[in-house]
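Below is one structure, written out as structure tokens, with a few remarks after it.
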């Protein structure tokens, strides 16, 4: 994702969640979001059956 | 009888129960060591001296009255400052939480340790809100490595690693969400147990990522680790994740059982990449001592680490959302900026990570049909310098902070029990993970004990003090 669209996205989510992002923090927030999205995409690319249950409350 | 820093918890408890050492003398010795060394180590944020002395006197009174005392009688211990300690605000490494009212009741695990006779001497430094692998803290300063105080303790249970590695106390408690017990164990050269998810109660501790949070002990010997673990087991209605189906399963009586019947393998693939030579050497020594030659590839471990990262950053963001709105400038900026980014990850990607988690767990269930124990590095390297920002892993310059836990995250992701064993290399110690199937802490501890008896795993005396 290019930096500019991600900046637009950061602005939109910041407003939607009433979450402040000061200009001084923006580069670090963007860098962290890029890492999070890159890793999330790695998971997203892995095909799972539709029936797969999530494990939000995990028991072993 | 006087205490020595290298006295184990088992030694202290035996001497106290036998009347050769008073609990008060054992406590005073720990308080004196804290006073002498913690100006350098910076492992404690609170020393509960009055409470400790009162508890110790009560134990001594019980012994004088001929009453039976617990298996940890007179043993000093300390807890990461995300555990509730009655009378203290549970700061969880943060500035913001210092405004909380003092806790009215101790965390369950403190109550259980004290019921076994242990004596709480204080609360320990940690990375802010446990979102950390370094042991550094912008509010309280870094906890330091007892073998070289210019180096990191590891985190986020940095004070726990530093205090036990520095022999200030024989036992400490910490938490492990993605590696926060195993990383400081590795860097500080001590034993650490991350039990099965749901084994030990987390009641009255400050959370981070509810579906990954574990509490557990650190010690300088496997016997001490097992004594503490056994004392803390048991169901607890105050923690929704704490098991109600497993009874007490004491491990101490099983430690010396042979390991020759166990099928022990080396975790391959992902777990043999991104490592410095010292991690390779430590795994090799452990594998050789155990006669392990089989290499088992863990499928999709890199993706598991990615999923653990995504769930951690988003669940952490959810936990702190209101604090991020109200007091963003009171966070460590590095923590704040990661949490804000976490709040912006779209929900479907988090759901995908949770679904992947179930798939990945099934792969491990298959592995454990033919293997009892997996061996893997605990950290890619020995302790980096305090403040070090990057290191070179397999030819790529990467941020230290995010990559210290790359070998621990894919394991806690599915709640497997692990003992981190310290391998004392020439310059600095480094840990190896002994990973067992769910609920088989006894096996991981047994293997750790065997390695200790063979002289392969040991907590070295602190060289930096």
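Residue numbers (this note's numbering), protein chains in the order written: chain A, 2 to 61; chain B, 3 to 467.
Each residue gets a CB set at the ideal place from its N, CA and C atoms; glycine is no exception.
No experiment lies behind these values; they were computed from the predicted model shown.
Bounding residues of the beta strand (DSSP E) (the contiguous stretch that carries residue i)
| i | result |
| --- | --- |
| residue 77/B | No beta strand (DSSP E) holds residue 77/B; DSSP gives it neither H nor E. |
| residue 163/B | That residue, residue 163/B, is in no beta strand (DSSP E); its alpha helix (DSSP H) goes 160-167. |
| residue 285/B | From DSSP, residue 285/B is part of no beta strand (DSSP E) but of the alpha helix (DSSP H) over 279-292. |
| residue 216/B | 216-221 |
| residue 46/B | 46-49 |
| residue 406/B | No beta strand (DSSP E) holds residue 406/B; DSSP gives it neither H nor E. |
| residue 21/A | Note, residue 21/A: premise wrong, no beta strand (DSSP E); not H, not E. |
| residue 211/B | Where residue 211/B is concerned, there is no enclosing beta strand (DSSP E), given that its DSSP letter is neither H nor E. |
| residue 178/B | 173-178 |
| residue 195/B | 193-196 |
| residue 299/B | 297-299 |
Inter-residue spacing [alpha-carbon to alpha-carbon] between residue i and residue j
| i | j | result |
| --- | --- | --- |
| residue 20/B | residue 120/B | 16 Å |
| residue 309/B | residue 30/A | 19 Å |
| residue 307/B | residue 422/B | 18 Å |
| residue 178/B | residue 196/B | 7 Å |
| residue 164/B | residue 279/B | 24 Å |
| residue 28/B | residue 294/B | 41 Å |
| residue 3/A | residue 369/B | Low local confidence applies: a pLDDT of 48 at residue 3/A is under 50, so the model's placement there is unreliable, with the coordinate-based value given in what follows. Whole-angstrom Cα-Cα distance: 40 Å. |
| residue 49/A | residue 138/B | 39 Å |
| residue 12/A | residue 32/A | 15 Å |
| residue 141/B | residue 327/B | 20 Å |
| residue 155/B | residue 400/B | 19 Å |
| residue 208/B | residue 331/B | 21 Å |
| residue 82/B | residue 161/B | 7 Å |
| residue 7/B | residue 172/B | 8 Å |
| residue 224/B | residue 79/B | 16 Å |
| residue 344/B | residue 99/B | 21 Å |
| residue 292/B | residue 437/B | 14 Å |
| residue 253/B | residue 118/B | 15 Å |
| residue 259/B | residue 393/B | 41 Å |
| residue 336/B | residue 13/B | 42 Å |
| residue 33/B | residue 75/B | 17 Å |
CB contact flag (residue i, residue j, <9 Å)
| i | j | result |
| --- | --- | --- |
| residue 218/B | residue 176/B | yes |
| residue 363/B | residue 416/B | yes |
| residue 53/B | residue 236/B | no |
| residue 11/B | residue 77/B | yes |
| residue 376/B | residue 269/B | yes |
| residue 42/A | residue 351/B | yes |
| residue 95/B | residue 147/B | no |
| residue 381/B | residue 184/B | yes |
| residue 378/B | residue 435/B | yes |
| residue 284/B | residue 222/B | no |
| residue 130/B | residue 334/B | yes |
| residue 206/B | residue 325/B | no |
| residue 86/B | residue 109/B | yes |
Nearest neighbour of residue i, chosen from the options [CA to CA]
| i | options | result |
| --- | --- | --- |
| residue 84/B | 97/B, 72/B, 282/B | 97/B |
| residue 411/B | 10/B, 359/B, 48/B, 51/B | 359/B |
| residue 373/B | 162/B, 453/B, 99/B, 445/B | 445/B |
| residue 404/B | 334/B, 134/B, 282/B, 207/B | 134/B |
| residue 462/B | 427/B, 440/B, 451/B, 443/B | 427/B |
| residue 465/B | 167/B, 351/B, 383/B | 167/B |
| residue 414/B | 264/B, 440/B, 394/B, 397/B | 440/B |
| residue 274/B | 301/B, 399/B, 220/B | 301/B |
| residue 303/B | 329/B, 276/B, 288/B, 282/B | 276/B |
| residue 31/B | 3/B, 42/B, 315/B, 41/B | 3/B |
| residue 57/B | 381/B, 122/B, 292/B | 122/B |
| residue 91/B | 105/B, 79/B, 81/B | 105/B |
| residue 388/B | 437/B, 43/B, 366/B | 43/B |
| residue 420/B | 221/B, 392/B, 450/B | 450/B |
| residue 37/B | 290/B, 51/B, 116/B | 51/B |
| residue 432/B | 290/B, 55/B, 188/B | 188/B |
| residue 10/A | 347/B, 257/B, 272/B, 116/B | 347/B |
| residue 299/B | 201/B, 271/B, 152/B | 271/B |
| residue 407/B | 26/B, 454/B, 159/B, 255/B | 159/B |
| residue 390/B | 152/B, 41/B, 89/B, 216/B | 152/B |
Per DSSP, the bridge partner or partners of residue i
| i | result |
| --- | --- |
| residue 266/B | 375/B |
| residue 154/B | 146/B |
| residue 437/B | 376/B, 420/B |
| residue 400/B | 393/B |
| residue 125/B | 48/B, 81/B |
| residue 414/B | Residue 414/B pairs with nothing; no bridge assigned. |
| residue 426/B | 431/B |
| residue 96/B | BP columns for residue 96/B are empty, so no partner. |
Start and end residues, alpha helix (DSSP H) containing residue i
| i | result |
| --- | --- |
| residue 51/A | It is not in any alpha helix (DSSP H) - residue 51/A carries neither H nor E in the DSSP assignment. |
| residue 335/B | 335-345 |
| residue 112/B | 110-117 |
| residue 260/B | No alpha helix (DSSP H) holds residue 260/B; DSSP gives it neither H nor E. |
CB contact below 9 Å: residue i versus chain C
| i | result |
| --- | --- |
| residue 9/A | The displayed structure is made up of protein chains A and B, and chain C is not among them. |
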